[in-house]
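Asks: Before I ask anything, here is the structure I am working with.
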Amino acid sequence: MWKKLLILFLLISQSKAYILLKNVRYSIAPEKERYVLDFSSRLKKDYIKVLKRKNRICVYTKNIKASYRFPKVVYLYNSKILKKLKLFKRVNPKVCFYIKTPNYIFNYFIYKNKFVLDFYKKDIERLKTKQRQKFAENLRKQHKFIVVLDPGHGGFDSGAVWPIKSKKPYLKEKDIVLKLAKLVKRHLEKHPNVKVILTRNKDVYVSLYERSKIATDYGADIFVSLHVDSLPRSSRVSGITIYTSSPRYKKYSQKMVKVFSKEPVPVKAVFENLAPSITYSFSDDLAYYLKKHIKKVYKRKVSIKTHPKNIIVIRTPGRPSVLIEAGFITSKYDRSFYINKRKLNKLAKAIADGIYTYLKSYSDRNFCKIKKLVYYVKKGDTLWRVSKKFKVSIDKLKKWNNLKSYTLYQGQKLFIYKKVCN
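The opening position of the sequence shown corresponds to residue 258 in the working numbering, with each subsequent residue numbered one higher.
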């Protein structure tokens, strides 16, 4: 009798141990395609394994059962990258995505009870990169600094929320940091020599790989990721933490690359040219200036720490990168900043001032702008004399004024462009 009961108990416990694969959702857009596998509860990393085959990408599972409502085959007629999606087995199922074209890039991640797989067409990715680089090149010609601000989370990923267990929280990390980023952008762009790029300007999810790629494509001078912390067990804890990266975690970070993308080419482009002296040392200097200015408006603790996980976004190559945890959503004092527009604006201005001070102090280019001068030719003036007077070449003078000969006449208007640095 006891043996039968024990066997029955083991069978029941085993059936409860399985996580249910409930559904597949997908969205197809010109820029990318996203496929989401929904599960009944939170996934562990070792429950999912992704392998790339010749004509398919297969997701292998462990301790998972597929629901009988989960379709065996889904034909993807609208997709330009995939033919179909196919399910093999109900217990520890394998889900395979069959490829139409070899011209693609993919990356994936696990978020709570969701497995997300993104596909991009290579030519679209290259076009994006070229457009960004061209835009950045034009900004460089205008002697502008490029600052990339990264409001964390977005889309289905809300981040920290308040109230914590509420089904309809009125405060979400993704919304707070987006508002904060837009305010920082507004304050920074009051300086004519600064251009701010946001990794997202609306409520959409952007992968960690894409966030770091944006900074790399634009050749950003600074990368700042904005987040909000949470500590449900203690509502008394408050404070702003500025995280920097450390070379000690380089090996760990290289392992993390494999998690976010299986495509070697774009990962190489982002991570091989890492300049540690800039990424690590200058990040500490940037954090110091941010702390100095934030302390003027925020009366609780402001600290600088090395991020324990050394995540990809603060290891963007060749530029100072920091991650700011702008307070705790669980703290009443910190929430007052998120609710009160005036306080949030003060915090945004402090962050902007910290970034601007760093740029002014540590950039070789300084704060330079091109000034347009008008000169009227006097009696006895020649191109050579004008060029010596303004310390510019004769060829530049001819180019700026569309001159076809070396002859000047009295009263002629000449335009001269001079770089003026503060």
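Every residue, glycine too, gets a C-beta built ideally from N, C-alpha and C.
Label R326 either buried or exposed according to how many other C-beta atoms from any shown protein chain fall within 10 Å of its C-beta, with 16 as the threshold for buried.
Replies: Exposed.
Asks: Can you have a look at W641 and say buried or exposed, based on whether 16 or more other CB atoms are within 10 angstroms of its CB?
Replies: Exposed, by the Cβ-count rule.
Asks: What's the C-alpha gap between P577 and V570?
Replies: Approximately 11 angstroms between the Cα atoms of the pair.
Asks: Can you tell me whether H484 is helix, strand or coil according to DSSP?
Replies: It is a strand residue.
Asks: Alpha carbon to alpha carbon, how far is G476 from K470?
Replies: One C-alpha to the other measures close to 10 angstroms.
Asks: Which residue's Cα is closest to the Cα of Y377: S588, K439, E467 and V348?
Replies: The residue with the shortest Cα to Cα distance from Y377 is E467.
Asks: Using a Cβ-Cβ cutoff of less than 7 angstroms, which residues in the same chain neighbour S415 once the five nearest sequence positions on both sides are dropped?
Replies: K429, E430 and K431, listed in sequence order.
Asks: Thinking C-alpha only, which one of D542, I581 and Y613 is nearest L437?
Replies: When each option's Cα is compared against that of L437, the closest is I581.
Asks: As a quick exercise: from V316, K424 and K337, pick the residue whose alpha carbon is nearest that of F366.
Replies: Checked all of V316, K424 and K337; the closest Cα to F366 is V316.
Asks: Drop a sphere of 10 angstroms on the beta-carbon of S423, count the other beta-carbons inside from all chains shown, and report buried for 16 or more, exposed for fewer.
Replies: By the neighbour-count rule (16 or more Cβ atoms within 10 Å), S423 is not buried but exposed.
Asks: Using C-beta distances below 8 angstroms, list every residue in its chain close to H684, excluding the 5 sequence neighbours before and after it, in chain order.
Replies: Since the first and last residues shown for the chain are 258 and 679, residue 684 lies out of range.
Asks: So for K525, helix, strand or coil by DSSP?
Replies: At K525 the pLDDT is 37, less than 50, meaning the model places this residue with poor confidence and gives no usable figure here.
Asks: For the alpha helix (DSSP H) containing Y368, list its first residue and its last residue.
Replies: No alpha helix (DSSP H) contains Y368, which is instead part of the beta strand (DSSP E) from Y361 to Y368.
Asks: Do the segment 320–335 and the segment 279–291 touch if we need at least three Cβ pairs shorter than 8 angstroms?
Replies: Contact holds: three or more Cβ-Cβ distances are below 8 angstroms.
Asks: By DSSP, does T614 sit in helix, in strand, or in coil?
Replies: It is helical.
Asks: Which term fits T358, buried or exposed, when burial requires 16 or more other beta carbons within 10 angstroms of its beta carbon?
Replies: Exposed: under 16 other Cβ atoms inside 10 Å.
Asks: Mapping DSSP to helix, strand and coil, what is S650?
Replies: In the structure shown, S650 sits in coil (DSSP, three-state: anything other than H, G, I, E or B).
Asks: Identify which residue in D375, K661 and I305 has its Cα closest to the Cα of L339.
Replies: Considering only alpha carbons, the answer is D375.
Asks: Cβ atoms of S540 and T501: under 7 angstroms apart, would you say?
Replies: Going by C-beta atoms, T501 is nearer than 7 angstroms to S540.
Asks: Per DSSP, G411 forms a beta bridge with which residues?
Replies: DSSP, once it has assigned bridges, lists D414 as partnering G411.
Asks: Between N360 and K337, is the Cβ-Cβ spacing less than 7 angstroms?
Replies: No, these two residues do not count as a Cβ contact at 7 angstroms.
Asks: Which residues share a DSSP beta bridge with E467?
Replies: Looking at the DSSP assignment, E467 forms no beta bridge with any residue, so it has no partner.
Asks: Could you tell me the distance, in whole angstroms, from the CA atom of L604 to the CA atom of K553?
Replies: Whole-angstrom Cα-Cα distance: 9 angstroms.
Asks: Quick one, which of D474, Y355, K311 and N320 has its alpha-carbon nearest K391's?
Replies: Of the listed residues, the one whose Cα sits closest to K391 is D474.
Asks: Once you ignore the five residues that flank T639 on each side, which residues in its own chain have a CB closer than 7 angstroms to its CB?
Replies: Hits under 7 angstroms: L665.
Asks: Tell me whether the beta-carbon of V494 lies closer than 7 angstroms to the beta-carbon of A544.
Replies: The answer is no: Cβ separation not under 7 angstroms.
Asks: Based on Cα-Cα distance, which residue from F480, D478 and Y292 lies nearest to Y368?
Replies: With distances taken between Cα atoms, Y368 lies closest to Y292.
Asks: Taking the alpha-carbon positions, what's the L396 to A472 distance?
Replies: Approximately 14 angstroms between the Cα atoms of the pair.
Asks: Could you please give me the residues that DSSP links to L294 through a beta bridge?
Replies: According to DSSP, L294 bridges with V281 and F372.
Asks: Excluding the 5 residues flanking N370 on each side, which residues of the same chain have their C-beta closer than 6 angstroms to its C-beta?
Replies: Result list for N370: F296, S298 and R299, in chain order.
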